[in-house]
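Its first residue numbered 87, the sequence shown is counted upward by one per residue in the working numbering.
Below is one structure; the comments refer to it alone.
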Amino acid sequence: MRSPFVLIVLLVLAVAVVGVLAIGAFPPSVEPRPVERVLPNDRFQTR
Numbered sequence: 087m088r089s090p091f092v093l094i095v096l097l098v099l100a101v102a103v104v105g106v107l108a109i110g111a112f113p114p115s116v117e118p119r120p121v122e123r124v125l126p127n128d129r130f131q132t133r
């Protein structure tokens, strides 16, 4: 008979594998957003 520790570790690994497969099969939707770029402000610099 296996020890309870090994059984718990195998259960956690199985749940992790199922979770990764579920995320891979049904990825969460991502909303497209425009890219906001920071432009350098040359107007207010001293010369």
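Using N, Cα and C, we set each Cβ at its ideal position, and we do this for glycine too.
Membership of V101 in the alpha helix (DSSP H) is indicated by the continuous run 90-111.
Residues of the same chain with their beta carbon placed closer than 6 Å to that of R129 are lacking, with the five preceding and five following residues left out of the count. Rounded to the nearest whole angstrom, the CA to CA distance from V121 to V101 is 37 Å.
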